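Notes follow the structure.
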Amino acid sequence: MSSKQNTPGQRFRDAVASEHPLQVVGAINANHALLAKRAGFKAIYLSGGGVAAGSLGVPDLGITGLDDVLTDVRRITDVCDLPLLVDVDTGFGSSAFNVARTVKSMIKFGAAAIHIEDQVGAKRCGHRPNKEIVSQQEMVDRIKAAVDARTDDSFVIMARTDALAVEGLESALDRAAACIEAGADMIFPEAITELEMYKLFASRVKAPILANITEFGATPLYTTEQLAGADVSLVLYPLSAFRAMNKAAENVYTAIRRDGTQQNVIDTMQTRMELYDRIDYHTFEQKLDALFAQKKG
Numbered sequence: 000m001s002s003k004q005n006t007p008g009q010r011f012r013d014a015v016a017s018e019h020p021l022q023v024v025g026a027i028n029a030n031h032a033l034l035a036k037r038a039g040f041k042a043i044y045l046s047g048g049g050v051a052a053g054s055l056g057v058p059d060l061g062i063t064g065l066d067d068v069l070t071d072v073r074r075i076t077d078v079c080d081l082p083l084l085v086d087v088d089t090g091f092g093s094s095a096f097n098v099a100r101t102v103k104s105m106i107k108f109g110a111a112a113i114h115i116e117d118q119v120g121a122k123r124c125g126h127r128p129n130k131e132i133v134s135q136q137e138m139v140d141r142i143k144a145a146v147d148a149r150t151d152d153s154f155v156i157m158a159r160t161d162a163l164a165v166e167g168l169e170s171a172l173d174r175a176a177a178c179i180e181a182g183a184d185m186i187f188p189e190a191i192t193e194l195e196m197y198k199l200f201a202s203r204v205k206a207p208i209l210a211n212i213t214e215f216g217a218t219p220l221y222t223t224e225q226l227a228g229a230d231v232s233l234v235l236y237p238l239s240a241f242r243a244m245n246k247a248a249e250n251v252y253t254a255i256r257r258d259g260t261q262q263n264v265i266d267t268m269q270t271r272m273e274l275y276d277r278i279d280y281h282t283f284e285q286k287l288d289a290l291f292a293q294k295k296g
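Take numbering that gives the first Met the number 0: the last position of the sequence shown gets the number 296, and nothing is skipped along the way.
Written out as structure tokens, the structure is:
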């Protein structure tokens, strides 16, 4: 497939080229993907930790499998045409064959890009302590396997390195450069603690750099203006809406149980008509009405 065609991967690359830096916002499900598009975002993200916590109710500790993530990918890409970046953890398996299967499946299910990391199989959230990483050579092999498996040249392979917290800045920079040499398109240095570090990555690898601006983590909540000044090309907000919806849901459950009514929290809810508008309900209903009218006729 030609990279010049209107593929998800090409749309992701075009978005990176057109917005500086590109804001990529997390969408925990298909409904949120539509809300993100409505808000004006040009690309969206499916978090591995979000799939684990949101879809399965388990920690982000390598418990999730490929099929768990693919289910959410398909649901999002079925209804939203924004290019989707997907977290595939360490590739969902210990061999190059597993990585290849993951890449081919992501393309088949409509993803635009993936990021794959250099942690060991029993991985942790990038902002938690005691992470363990594989050797640089093993990570390079993961990237080579991913690149070789592409059935669409425009599909984006992003390399994430967690080495900063484990081995320090120089190791992380070396790994990023090695991943680009192995064929990665973009670099995701995880758990960055200082703004100037991004500039070092950008100058070392000469490829787009992603900044993960996740809340309550190791990285300060830098603005897009600050990140643009540090040569960042993509800014990720992986779970911002997810955290907000969880807090809102807890408040509603607590209020209903406490008060015996939802009247005291009704103003925090999306209305029925707002939901119908966001999912284009009436267009579907009108088609249904037309079908019934034809049958009666």
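Where a beta carbon is used, it is the ideal one built from N, C-alpha and C, also for glycine.
This one's a predicted model, so the numbers in the text were calculated from it and none came from an experiment.
Excluding its 5 nearest sequence neighbours in each direction, Thr70 has C-beta neighbours in its own chain below 8 Å: Ser54, listed in chain order. Scanning Ser232, Gln135, Ala29 and Ala190 for the CA closest to the CA of Lys198 turns up Ser232.
Going by DSSP, Asp86 is part of the beta strand (DSSP E) stretching over Leu83 to Asp86.
In the three-state reduction of the DSSP assignment, Gln285 falls in the helix class. Cβ-Cβ distances below 8 Å link His19 to Ala227 and Ser232 in the same chain, with the five nearest sequence neighbours on each side left out; the list follows chain order. Restricted to the segment 95-183, the alpha helix (DSSP H) segments that are unbroken, complete and at least 4 residues in length are 95-107, 135-148, 162-166 and 168-180, listed in chain order.
Met185 sits in a strand when the DSSP states are folded into three classes. Cβ atoms of Ala145 and Ile156 come within 8 Å of each other, at about 5 Å. The three-state secondary structure of Asn211, taken from DSSP, is strand. Residue pairing by DSSP places Gln22 opposite Val234 in a beta bridge.
DSSP lists Val85 as the beta-bridge partner residues of Leu45.
Cβ-Cβ separation between Val102 and Arg149: approximately 6 Å, consistent with a contact (criterion under 8 Å). Glu116 is not a Cβ neighbour of Glu166, given a cutoff of 9 Å.
The shortest CA-to-CA distance from Gly92 to any of Cys79, Ile106, Gly109 and Met138 is the one to Met138.
In its chain, beyond the 5 residues on either side, Gly90, Arg141, Ala144 and Ala145 have a beta carbon closer than 6 Å to the beta carbon of Val98. Taking a contact to require three or more Cβ pairs closer than 8 Å, the segment 254-267 and the segment 26-46 do not qualify as touching. Leu84 is classed as buried because its beta carbon has at least 16 other beta carbons within 10 Å across all chains shown. Taking 8 Å as the upper bound for CB-CB distance, Ile62 and Ala51 are in contact here, some 6 Å apart. Counting other Cβ atoms within 10 Å of its Cβ, Thr270 stays below 16 and is therefore classed as exposed. Sorting Lys295, Pro58, Gln293 and Ile278 by C-alpha distance to the C-alpha of Val78 places Ile278 at the top. When DSSP states are grouped into helix, strand and coil, Ala206 belongs to the coil group. By the neighbour-count definition (other C-beta atoms within 10 Å, threshold 16), Thr222 is an exposed residue.
Taking C-beta separations shorter than 7 Å and ignoring five residues to either side along the sequence, the partners of Ile212 in its chain run Thr218, Leu220, Tyr221, Val234, Leu235 and Tyr236, following chain order. Between the C-alpha atoms of Thr253 and Asp67 there is a straight-line separation of about 30 Å.
For Gly8, the enclosing alpha helix (DSSP H) begins and ends at Pro7 to Ser17. A distance below 6 Å between beta-carbons, with the five flanking residues on each side excluded, links Ser202 to no residue of its chain.
Judged by DSSP in its simplified three-state form, Phe200 adopts helix.
Annotation for Gly228: the continuous alpha helix (DSSP H) segment containing it runs Thr223 to Gly228.
When the beta-carbon positions are compared, Thr6 and Ala111 come within less than 9 Å of each other. CA-to-CA, the gap between Gln135 and Cys178 works out to about 9 Å. Contact annotation: Phe200 and Ile208 have beta-carbon atoms nearer than 9 Å.
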